[in-house]
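Asks: The UniProt record's numbering applies: residue 1 is where the sequence shown begins, and numbers increase by one.
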Amino acid sequence: MQQILEFLDYKMKTPIAYESFSESWFHYLFLVLMFLMMFLGVKYARKTTTKELKKTLLLLGLFMIVFEIYKQVIFTFEANDYQWYAFPFQFCSTPMYLFVLYGISKTNDLKGTYYLF
Numbered sequence: 001m002q003q004i005l006e007f008l009d010y011k012m013k014t015p016i017a018y019e020s021f022s023e024s025w026f027h028y029l030f031l032v033l034m035f036l037m038m039f040l041g042v043k044y045a046r047k048t049t050t051k052e053l054k055k056t057l058l059l060l061g062l063f064m065i066v067f068e069i070y071k072q073v074i075f076t077f078e079a080n081d082y083q084w085y086a087f088p089f090q091f092c093s094t095p096m097y098l099f100v101l102y103g104i105s106k107t108n109d110l111k112g113t114y115y116l117f
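(1) Taking Pro95 as part of the alpha helix (DSSP H), name the residues at either end of that continuous run.
(2) Under three-state DSSP, which class holds Lys47?
(3) Given 8 angstroms as the limit, is there contact between the segment 18-26 and the segment 82-89, that is, 3 or more CB pairs closer than that?
(4) In the structure shown, what three-state DSSP assignment does residue 119 receive?
(5) Taking the C-alpha atoms as reference points, what is the distance between Leu58 and Lys47?
(6) Please list, in chain order, all residues of the same chain as Tyr114 whose beta carbon is under 7 angstroms from its beta carbon, the five residues on each side excluded.
(7) Can you tell me whether Gly61 is buried or exposed, with buried defined as 16 or more other CB within 10 angstroms of its CB?
(8) Report all residues from its chain with a CB closer than 6 angstroms to the CB of Thr76; omit the five preceding and five following residues, and keep chain order.
(9) Considering only the beta carbon of each residue, do Asp9 and Ile104 sit closer than 8 angstroms?
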């Protein structure tokens, strides 16, 4: 198990923000990927039914929870102690929980609230 965690805890060279492409390619790559995923997500969401959208958001929420668990394991393994600053109940983690709640909810009463958030 420790070998797997060491492999997953790979340290990359820290990219420098706002430098040349060779030094900050990581930032530029994810900026392009973010806009591409936003465009495709909006295009997909416009033509889906509520049932399909609920299923998609449920899967995305579960995907984010899996990576949150991975993050907690890596942070704890790295420091050999629990890192309280990475506690998963923070404001930035809210979409992860709301996606799952919306995906499993049976009613559409709060549909607008979830969409606006």
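C-beta atoms are modelled at their ideal positions from N, C-alpha and C, and glycine is treated no differently.
Replies: According to the structure shown:
(1) 94-104
(2) coil
(3) no
(4) What the structure shows of the chain is the stretch from 1 to 117, and residue 119 is not part of that stretch, so it cannot be assessed.
(5) 18 angstroms
(6) Leu98, Tyr102
(7) buried
(8) Tyr82
(9) no
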